[in-house]
Amino acid sequence: MKNKLLFCGIGLLSSCLTSSAYADEPLSRDELTIWVSEHKGYTGMVKVAAKFEHDTGYRINVEHFDSLPAKFQERASCGGGPDILVWAHDRYGEWAKLGLLEEIKPTKEELEKFYDISWDAMKINGKYYGYPFAVEAVSLICNRDLVPNPPKTFEEFMTLDAEMQEKGKHAFLWDYNNVYYSYPILSANGGYSYKRNEDGSYDIQNIGVSNEGTQKGLNYIVKMVQGGHLPIQTEYKSMEAEFIAGKVGCIINGPWGWKNYKNMNYSVNTFPTLEGKQGKPFVGVLGLVINKSSSHKEAARKFLTEYLLTDYGYEEVNNASQLGSVALKSFETKLESDPRIMTTMKNAQSGVIMPNVPEMNIFWSSVREAIKRATSGRQTADKALKTAESRIRKVK
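All letters in the sequence shown, in the order written, are residues -23 to -1, 1 to 373 by mature numbering (1 follows the signal peptide of the UniProt record, and there is no 0).
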């Protein structure tokens, strides 16, 4: 409570005073409210909520907004906000520290129903603060008509690209300035953000941003740019446009992009190696958290454990918006006939859980700047990464 009051006092006091409805919405009403992104199965969740209301008489409002994390933090810090929030686990550490999340104590049966990697993402300092829902990881996605046999090593893309350029195409493109998409390359030889402890906490003094492995990864990206195999600048939208237009053979992307490739003959693949080491993507887990200020915690738990987090609930949500790999073992088994799902889970299981600590904000911005400096030639890869690590240590 002290953390919540302090946070309101410093950054949100005026907001709390001028918007008193925050404190009354929705926690004073005899109903549940869920906030979820429109693209994370919103319409399916509405159907599950309707069944819950039919069975129990307890009404559920399912709402979607832009900027969900910021709005949740703002309202929950002042005693308002939704009873349940659907969001990726990487913000949970910050919210738990502020006292915004209800600790959950899953039963042995509940722990066994979901994949271990998904529960790991819900854990902060040995305690669980959410229920896992879906497991998100990027993969190597290739146009089969251009690249029927994806390279087994990242180095092969240089040779392949030289061949494809003769036909006016490129072998490989991704939003490389975005650290999330470049992480499989940066991590392959041992690069990392913050070292994770056995209890699920992170040693924020143990930073792997400028170690030898990260340097190898960034040097590879620089060589791709300097060799004319990657443009000096790129972004997600241009990557997708080039891929859909048949101008690029392979990209790095996640399940959220599959719907855009429905008219293409494409494959979803595990990552190649870099200098003999497997690429390891960041793993994000979409979870469901209960607001610490909620007056309806038991109803929220019942809805989650007995309705939404069941094969029925998953089917409704997945039909509305494809989740990719899911955390519930029984439903994941039903999806295994889809090789895209199987590969996504393989990449997740060999990947690295995205740290859920506030210090990730400075990690993202610092390493992004390092990539830009190195690929533009302003600094060598090694110096750019050392500068990034120095900046991270100063800000922390």
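Ideal placement from N, C-alpha and C gives every residue a C-beta, glycine not left out.
The beta carbons of S116 and N324 sit closer together than 8 Å. Sorting N38, Y171, P249, K85 by C-alpha distance to the C-alpha of G21 places N38 at the top.
About 18 Å separates the beta carbons of D67 and I267, which is beyond the 8 Å limit, so they are not a contact pair. Every candidate alpha helix (DSSP H) stretch fails here, since none sits fully inside the region 229 to 273 while reaching 4 residues.
By the Cβ-count criterion, E140 is exposed, with fewer than 16 other Cβ atoms from all chains shown falling within 10 Å of its own Cβ. Residue pairing from DSSP places T130 in a beta bridge opposite T250.
Under DSSP, the beta-bridge partners assigned to E113 are G261. DSSP places K323 inside the alpha helix (DSSP H), whose first and last residues are 316 to 326. Boundaries cannot be given for R121, as no beta strand (DSSP E) includes it and DSSP labels it neither H nor E. In this structure, I162 sits away from Y213, with a CB-CB distance that is not shorter than 8 Å. Taking 8 Å as the cut-off, the beta carbon of K90 is found closer than this to the beta carbon of L305. If you check the CB distance, T211 and T130 do not come in under 8 Å. With at least 16 other beta carbons inside 10 angstroms of its own, D138 counts as buried. W72: member of the alpha helix (DSSP H) spanning 69 to 74, first to last residue. Here the alpha carbon of Q255 sits roughly 45 Å from the alpha carbon of G56. Assigned with DSSP and collapsed to three states, A165 falls in coil, not helix or strand.
In the three-state DSSP reduction, E80 falls in the coil class, being neither helix nor strand. Under the three-pair Cβ rule at 8 Å, the region 257 to 265 counts as touching the region 104 to 121. DSSP, read as helix, strand or coil, puts K306 in helix. In this chain, I348 is not harboured by any beta strand (DSSP E); it is covered by the alpha helix (DSSP H) spanning 337 to 352. Nearest to N333 by C-alpha distance, out of E143, I11, S170, I118, is S170. Bridge partners of K104 according to DSSP: I101.
Counting the other Cβ atoms within 10 Å of the Cβ of V372 gives fewer than 16, which makes it exposed.
The C-alpha of K200 lies about 16 Å from the C-alpha of G190. With fewer than 16 other Cβ atoms inside 10 Å of its own Cβ, Q203 counts as exposed. In this structure, the alpha-carbon of N126 lies about 19 Å from that of G231. By the C-beta density criterion, L88 is exposed, having fewer than 16 other C-beta atoms within 10 angstroms. Cβ contact annotation for I181 (same chain, cutoff 8 Å, sequence separation greater than five): Y171, V334, E336, K373, in chain order.
Shown here, D180 sits in a strand according to DSSP, grouped into three states. Looking at P46, A47, A98, G107, the one whose alpha-carbon comes closest to that of R278 is G107. About 6 Å separates the beta carbon of C119 from that of G226, a gap short enough to meet the 8 Å contact definition.
For R173, the enclosing beta strand (DSSP E) has its first and last residue at 171 to 173.
Here the alpha carbon of P46 sits roughly 33 Å from the alpha carbon of F149.
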